[in-house]
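Protein chains: 2
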Amino acid sequence: MIARMTWDAMDDHHPSARLRRLPSRMLSMVAMHADRLVSEGLAREDARKWHYAALVALDEAGPASQAELSKRTGIYRSDLVAVINELAERGHVERAPDPADRRRNVITVTEPGRRHLRRLDKLITELQDDVLAPLTQPEREQLTGVLAQILEHHSRSRTS
Amino acid sequence: MIARMTWDAMDDHHPSARLRRLPSRMLSMVAMHADRLVSEGLAREDARKWHYAALVALDEAGPASQAELSKRTGIYRSDLVAVINELAERGHVERAPDPADRRRNVITVTEPGRRHLRRLDKLITELQDDVLAPLTQPEREQLTGVLAQILEHHSRSRTS
DNA sequence: GTATATCGTTAGTGCCACTAACGCAAGACG
DNA sequence: CGTCTTGCGTTAGTGGCACTAACGATATAC
């Protein structure tokens, strides 16, 4: 049912020094690991990363159209369709046509959706902790600071 | 021909604070970005990440069977088949049956393969620089140090 | 009032991590 | 010797994700 439970490709072998210390490679391995932890954790609550992202975006900035939600979360509007379907099935959001613009749907978090989000928030916090487990608090801040810089830099270099 | 040239999903919108500072999310975004830079760079030399990984592993520890190579690089042995095919087509490695164990193939880097690798090494170094562009040297070392710690920690917790 | 842009949606592409199963060969052991 | 297990390369397939293309319907701009 759940794929990606094993992890053998990265186990106890001895990759060459050149590969082992390649920043881009380390980044993708750590990201992959983090992703797996998070996805498996969320699966225990019958949720996926995108569910969380969509709920957070709705919770923080209020009801929105799918296009707007896509911009807030970075989820492609084509993929968002399924995410909203799933959240609606579970009763966590409602999808209603926008009377003011009939091309749009207005997505709203329901009360159960909010409760669900609270659980997910807690879970996500724990999972972040698992990911960063070996790091001290200052190290964690260094890491997030540095990652933020990189993201900042690259979005700047792309948008005029 | 080359997919993933655009990047709009991550552009100039305003993700919620909760999402924006989520370490696992930052990691995957940065990793994705790095990966794209590297893949596009390597594509200019008609190579892929796996080609580089395999060549490095062969270069550093000498000829090896595919299984051995899979352990060195982390590439699944099923996926390695295609990688070796491609490298062999380009004349960068040779695949020969191992007389000592007829189940195995011995993969050897050719001289053109070594020259190719030298180009890739140079390119990869530049690309790492692009990825880490906004960071100072000490910050780069912090980042790689911290990433190494995380990888270390997680491989320890999986292997007895 | 016709061109143009936007919205939700469907379908599909290609890459990647990963699994399953195959035929074949080697090693272990009685 | 024969059987049993284990490791090898290979093929095929799964599922997720990032991403593109194109559609009908509606809104906006000229």
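Going down the list, the protein sequences come from chains A and B. Following numbering that gives the first Met the number 0, the numbering of the first sequence begins with 0 at its first residue and continues without gaps. Following numbering that gives the first Met the number 0, the numbering of the second sequence begins with 0 at its first residue and continues without gaps. Note that CB positions come from ideal geometry on N, CA and C, so glycine has one too.
{"query": "Contact set between Gln-127(B) and chain A, taken where Cβ atoms lie within less than 9 Å", "result": "Leu-21, Pro-22, Ser-23"}
{"query": "Cross-chain neighbours of Ile-83(B) in chain A, by beta carbon under 7 Å", "result": "By Cβ distance, chain A contributes nothing, its closest Cβ being about 17 Å from Ile-83(B), past 7 Å."}
{"query": "Start-to-end residues for the alpha helix (DSSP H) that takes in Ala-33(A)", "result": "22–43"}
{"query": "Per DSSP, cross-strand counterpart(s) of Arg-82(B)", "result": "The sequence shown places Val at residue 82(B), rather than the Arg named in the question. In DSSP, Val-82(B) forms no bridge with anything."}
{"query": "Endpoints, beta strand (DSSP E) assigned at Ile-106(A)", "result": "104–108"}
{"query": "Contact list for Arg-143(B) against chain A, beta-carbon separation under 8 Å", "result": "The amino acid occupying residue 143(B) in the given sequence is Thr; Arg does not appear at that position. Those within 8 Å of Thr-143(B) in chain A are Arg-20, Pro-22, Met-25."}
{"query": "Residues in the segment 37–61 of chain A having any Cβ partner in chain B nearer than 9 Å", "result": "Val-37, Lys-48, Tyr-51, Ala-52, Val-55, Ala-56, Asp-58, Glu-59, Ala-60"}
{"query": "Arg-167(B) - containing beta strand (DSSP E), residue span", "result": "No information on residue 167(B) is available, as it lies outside the stretch 0 to 159 that chain B covers here."}
{"query": "Own chain, CB closer than 7 Å to Val-130(A), minus 5 neighbours either side, in chain order", "result": "Ala-33, Leu-36"}
{"query": "For Ala-63(B), the three-state DSSP class (helix, strand or coil)", "result": "strand"}
{"query": "Contact check, Glu-44(B) vs Leu-116(B), beta carbons under 8 Å", "result": "no"}
{"query": "Closer than 8 Å to chain B by CB, Ile-149(A)", "result": "yes"}
{"query": "Neighbourhood of Ala-147(A) by C-beta distance below 6 Å, restricted to the same chain and skipping five residues each side", "result": "none"}
{"query": "Buried or exposed (CB count within 10 angstroms, at least 16 for buried), Asn-104(A)", "result": "buried"}
{"query": "7 Å Cβ cut-off: residues of chain B touching Ser-15(A)", "result": "Val-55, Ala-56, Glu-59, Ala-60, Arg-71"}
{"query": "First and last residue of the uninterrupted alpha helix (DSSP H) at Arg-19(A)", "result": "16–19"}
{"query": "Tyr-51(A) (DSSP reduced to helix, strand or coil)", "result": "helix"}
{"query": "Separation of Gln-127(B) from Leu-21(A), as counted between CA atoms", "result": "8 Å"}
{"query": "Cutoff 8 Å; reference Gly-73(B); Cβ partners in own chain excluding five residues on either side", "result": "Ala-52"}
{"query": "Three or more C-beta pairs below 8 Å linking the segment 81–88 of chain B and the segment 48–68 of chain B", "result": "yes"}
{"query": "DSSP state of Ala-2(A) mapped onto helix, strand, coil", "result": "Summary for Ala-2(A): the model assigns pLDDT 35, below 50, so the residue's position carries little reliability; its value from the coordinates is reported in the next sentence. Correct three-state label for Ala-2(A): coil."}
{"query": "7 Å Cβ shell around Arg-24(B) - same chain, five flanking residues per side excluded", "result": "Leu-18"}
{"query": "Contacting residues, own chain, Cβ-Cβ under 6 Å from Thr-107(B) (five flanking each side not counted)", "result": "Pro-62, Glu-93"}
{"query": "Distance, Asp-100(B) Cα to Leu-150(A) Cα", "result": "49 Å"}
{"query": "C-alpha gap between Gln-136(A) and Arg-114(A), whole angstroms", "result": "29 Å"}
{"query": "Whole-Å CB distance - Leu-26(B) paired with Val-80(A), under 8 Å assumed", "result": "Contact doesn't hold; Cβ gap of about 27 Å is too wide."}
{"query": "8 Å Cβ cutoff, Ala-66(A) in contact with chain B", "result": "no"}
{"query": "Within 8 Å, strictly: CB atoms of Val-145(A) and Leu-134(B)", "result": "yes"}
{"query": "Per-residue contacts from Leu-134(A) into chain B (C-beta, under 8 Å)", "result": "Val-145, Gln-148, Ile-149"}
{"query": "Exposure label - Arg-71(A); buried when at least 16 CB within 10 Å", "result": "buried"}
{"query": "Residue-chain proximity (His-91(B), chain A), Cβ-Cβ < 8 Å", "result": "no"}
{"query": "Euclidean distance between Cα positions of Asp-58(A) and Leu-68(A)", "result": "11 Å"}
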